[in-house]
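Letter 164 of the sequence shown, counting from 1, is numbered 163 in numbering that gives the first Met the number 0, and no numbers are missing. Think of the CB as a built atom: it goes at the ideal place given N, C-alpha and C, for glycine as much as any other residue.
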Amino acid sequence: MSEATTPTAPIRPAELAAFLAARMCHDFISPASAIVSGLDLLEDPTAQDMREDAMGLIGTSARKLADLLAFTRVAFGASASAETFDTRELEKLARGVFGHMRAELDWQVELAGVNKPAARTLLNLAQMAGQALPTGGNARIRAVEEGASIAIAVEAVGPRARLRPEVLGGLQGEGPGEGLHGHWVQARYVHLFITDAGGRIFAEVAEEKVTLAATIPA
Numbered sequence: 000m001s002e003a004t005t006p007t008a009p010i011r012p013a014e015l016a017a018f019l020a021a022r023m024c025h026d027f028i029s030p031a032s033a034i035v036s037g038l039d040l041l042e043d044p045t046a047q048d049m050r051e052d053a054m055g056l057i058g059t060s061a062r063k064l065a066d067l068l069a070f071t072r073v074a075f076g077a078s079a080s081a082e083t084f085d086t087r088e089l090e091k092l093a094r095g096v097f098g099h100m101r102a103e104l105d106w107q108v109e110l111a112g113v114n115k116p117a118a119r120t121l122l123n124l125a126q127m128a129g130q131a132l133p134t135g136g137n138a139r140i141r142a143v144e145e146g147a148s149i150a151i152a153v154e155a156v157g158p159r160a161r162l163r164p165e166v167l168g169g170l171q172g173e174g175p176g177e178g179l180h181g182h183w184v185q186a187r188y189v190h191l192f193i194t195d196a197g198g199r200i201f202a203e204v205a206e207e208k209v210t211l212a213a214t215i216p217a
């Protein structure tokens, strides 16, 4: 298992913010564009036979966009002034995102509430586990309190389970390199807020399995 103990690559706050904004725009543009396409079909007098398909596209895309917005508000944003999060609400946010993935979510978090760094860690690692299973599989999320820390373990198991090199590098505090910045910035952001909180992050890749783990001060 690889721990993020190597010196972090320097990055300016404005640069990180720009990468995060680009990542969020990328996530939102697909369902937003699909909604517009559906509306265009409804307004096209020559496509009235596709009205039902258009309504289905609008409904599915609107739900996806709403799920992503709700998830992103907590996973990437400040989420108002909340400092403690109900894990049932976190599970709801995670399931909303997994509803648009091929992977299945196995949420096994028994803690009633967690602090903001742990909440962000749970959501981000859960999403990353789902993204590590492009053809489907099972993402199991666990969290327990161990002394003065919260231990989080995430396992993504399935065919073609993988962790992109830029994601692994980001979790280790490295720069984006030649990889896709949208995948790298989430991992780098996770590394940043976990280490800022005094925690640690680990990652391991094996055949058909990706393991992510973190410890956060409770």
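Limits of the unbroken beta strand (DSSP E) element including residue i
| i | result |
| --- | --- |
| L110 | Note, L110: premise wrong, no beta strand (DSSP E); not H, not E. |
| T120 | Element bounds for T120: not the beta strand (DSSP E) but the alpha helix (DSSP H), 115-130. |
| A138 | 137-145 |
Pair within 8 Å by beta-carbon distance, residue i and residue j
| i | j | result |
| --- | --- | --- |
| A31 | L64 | yes |
| G112 | I10 | no |
| A138 | A102 | yes |
| A118 | L89 | yes |
| I34 | S60 | yes |
| I57 | T120 | no |
| L211 | A202 | yes |
| G197 | A213 | no |
Distance, residue j Cα to residue i Cα
| i | j | result |
| --- | --- | --- |
| D195 | E177 | 26 Å |
| P12 | K115 | 20 Å |
| E154 | E51 | 39 Å |
| D105 | I140 | 6 Å |
| V209 | A217 | 25 Å |
| G76 | L122 | 12 Å |
| T45 | G37 | 14 Å |
| R271 | M49 | The question about residue 271 has no answer, for the chain in this structure spans 0 to 217. |
| A186 | R163 | 10 Å |
| L68 | G95 | 10 Å |
Exposed unless 16 or more other CB atoms sit within 10 angstroms - verdict on residue i
| i | result |
| --- | --- |
| A16 | exposed |
| D66 | buried |
| D26 | buried |
Own chain partners of residue i with C-beta closer than 7 Å, once the 5 adjacent residues on each side are dropped
| i | result |
| --- | --- |
| T4 | Annotation note: pLDDT 44 at T4 (below 50); position unreliable, no value reported. |
Own chain residues within Cβ distance below 6 Å of residue i, not counting five before or after
| i | result |
| --- | --- |
| M100 | G129 |
| W183 | E165, G169, P175 |
N-terminal and C-terminal residue of the alpha helix (DSSP H) that residue i is part of
| i | result |
| --- | --- |
| L167 | 164-170 |
| I34 | 12-42 |
| F192 | 180-195 |
| A53 | 50-74 |
| R93 | Residue identity check: residue 93 is Ala in the sequence provided, not Arg. A93 -> alpha helix (DSSP H) spans 86-97. |
Cβ shell of residue i (< 8 Å), same chain only, five flanking positions each side left out
| i | result |
| --- | --- |
| V143 | E109, L110, I149, A150 |
| G135 | R101, A102, E103, G157, P158 |
| P133 | R101, R159, R161 |
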